[in-house]
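In my numbering, the protein residues as written are -16 to 428. For every residue, glycine included, the Cβ atom is placed at its ideal position computed from N, Cα and C. Below is one structure; the comments refer to it alone.
Structural data, given as structure tokens:
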């Protein structure tokens, strides 16, 4: 029997070698290129320097301040008086008869129980700090600074001791400081202080049930207004949290996003007809309209905001204009592409009924692009709610400006957290609302 060798595959060693080598280059070269890029960006962006300057301890302190508050027990040595106040604020100072139960004041001396074995005794110009598993730290304030007596052994890293100041923070929620002018103890508690009402308000410390009973009561705390009006006034005009101003700023931010997005949609749709190939035969007109879209969306929203701030000054209108200009270009381009992809048979069917050109657009074109129009406008509205916050931080007003103001103080981090939480709530609400509108308008549910 003859062996058929005509159909047997013939392997060229040189070809096989070249193929394997090419695949090896791809297999090895691509990961090496990615690795090189990552190494380059690591040093180009200054990541090593950033990590060397990072302060995780400070970040932990700021995070603690965002979700907690502290009560200061302070002895002013020059005036020889003792003060107990929330965050050290004069308008949140405790009376001698209403001190916290963990503070005992005897004249100008005090005993502070920080819990879990941490205790502070202040006598004259001497502070004794008892720390579990370490010992008693004794610090004396002098005319030139402080004298410190530490237990034997190495100094813990949570102690900062120099001739001018003593500072100890064994835990995140306990801290003592001594200088030649004052002795101060910080005790931290979870939550936001005075969130509902000011410290010296008649409503301070009331539970929800007590407030509800007060609102329904005919006996007025303030003869000039109802109890419900008093409750709302005390809450909205809280000087520590500025609820009324923050809610107004949030409303401005939402209106900025809504006005800018609707303006962009109103101008973007008719311009999209001029940019669509199947609606505008003139190449010059199409080219000019498309370049207009490129110009409007090519300049970032933040740049437009800076331009309008210089032109018209600070205010929500500048933010709305910045959103409108940028989104007119973006929505116009999306709408024009949707118009170029419509089904002309539906338009021809409407034309066969003798409809005018406007009627053909109304009944033959708009129903086809309506889902794209609604979904894109609602999506941009959600996105612009976040963008309006950033634009407001540049000076356009709204919640963004208040957020920057709280961050500048470097001490009102709980107010910063409050504004961030409200912003997230608004974004979630806008997302849910837009989803509901999308289902109602497109799906008919």
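Status (buried if at least 16 other CB within 10 Å, exposed otherwise) for residue i
i: residue -16; result: Because residue -16 sits at a pLDDT of 46, beneath the cut-off of 50, its placement in the model cannot be relied upon, and the following sentence gives the value as read from the coordinates. Per the 10 Å Cβ criterion, exposed.
i: residue 183; result: exposed
i: residue 415; result: exposed
i: residue 408; result: exposed
i: residue 143; result: exposed
i: residue 89; result: exposed
i: residue 328; result: exposed
i: residue 317; result: buried
i: residue 308; result: buried
i: residue 28; result: exposed
i: residue 14; result: exposed
i: residue 211; result: exposed
i: residue 294; result: exposed
Residue of the options minimising C-alpha distance to residue i
i: residue 249; options: 413, 306, 290 and 222; result: 306
i: residue 253; options: 238, 239, 372 and 269; result: 269
i: residue 285; options: 119, 373, 217 and 364; result: 373
i: residue 92; options: 23, 67 and 153; result: 67
i: residue 291; options: 282, 281, 302 and 283; result: 302
i: residue 236; options: 46, 347, 297 and 406; result: 406
i: residue 134; options: 117, 146 and 148; result: 117
i: residue 272; options: 419, 300, 315 and 153; result: 315
i: residue 99; options: 114, 72, 105 and 20; result: 114
i: residue 396; options: 193, 341 and 48; result: 48
i: residue 423; options: 371, 86, 381 and 357; result: 357
i: residue 429; options: 28, 71, 158 and 229; result: Nothing in the structure corresponds to residue 429, since the chain is present only between -16 and 428.
beta-carbon residue i near the ligand GDP non-hydrogen atom, thresh 8 Å
i: residue 54; result: Among the ligands in the structure shown, none appear at all, so the ligand GDP cannot be discussed.
Beta-carbon proximity of residue i to residue j, cut-off 9 Å
i: residue 51; j: residue 136; result: no
i: residue 247; j: residue 298; result: no
i: residue 214; j: residue 186; result: yes
i: residue 208; j: residue 216; result: yes
i: residue 376; j: residue 387; result: yes
i: residue 232; j: residue 384; result: yes
i: residue 218; j: residue 54; result: no
i: residue 129; j: residue 148; result: yes
i: residue 360; j: residue 245; result: yes
i: residue 251; j: residue 313; result: yes
Residue i: first and last residue of the uninterrupted alpha helix (DSSP H) it sits in
i: residue 363; result: 349 to 374
i: residue 316; result: 299 to 323
i: residue 70; result: Residue 70 -> no alpha helix (DSSP H), and no H or E assigned at all.
i: residue 401; result: 396 to 421
i: residue 138; result: Taken as a continuous stretch (DSSP letters only), residue 138 belongs to no alpha helix (DSSP H), as it is neither H nor E.
i: residue 328; result: 327 to 335
i: residue 31; result: 30 to 36
i: residue 231; result: 226 to 258
Residue range of the beta strand (DSSP E) that includes residue i
i: residue 344; result: Note, residue 344: premise wrong, no beta strand (DSSP E); not H, not E.
i: residue 39; result: Looking at the DSSP string, residue 39 is not in any beta strand (DSSP E); the run it does join, the alpha helix (DSSP H), is 39 to 50.
i: residue 144; result: 142 to 144
i: residue 165; result: 165 to 173
Does the structure place the region 118 to 128 close enough to the region 155 to 174 that three or more beta carbon pairs sit under 8 Å? Taking one beta carbon from each stretch, the region 155 to 174 and the region 118 to 128 have 3 or more pairs nearer than 8 Å; the two touch.
Do three or more CB pairs link the region 316 to 331 to the region 345 to 354 at distances below 8 Å? Pairwise C-beta distances place the region 316 to 331 in contact with the region 345 to 354, as three or more of them are shorter than 8 Å.
Count the CB pairs spanning the region 235 to 244 and the region 362 to 369 that are closer than 8 Å, and state whether there are at least three. These segments touch.
Indicate whether the contact test is met: 3 or more Cβ pairs, each with one atom in the region 273 to 283 and one in the region 389 to 402, closer than 8 Å. No: the two stretches stay apart, fewer than three of their Cβ pairs being nearer than 8 Å.
Does the region 71 to 80 come close enough to the region 179 to 197 to have 3 or more Cβ pairs within less than 8 Å? In short, these stretches touch, since the Cβ pair count reaches three.
With three or more C-beta pairs closer than 8 Å as the rule, is the region 257 to 266 touching the region 187 to 204? No: the two stretches stay apart, fewer than three of their Cβ pairs being nearer than 8 Å.
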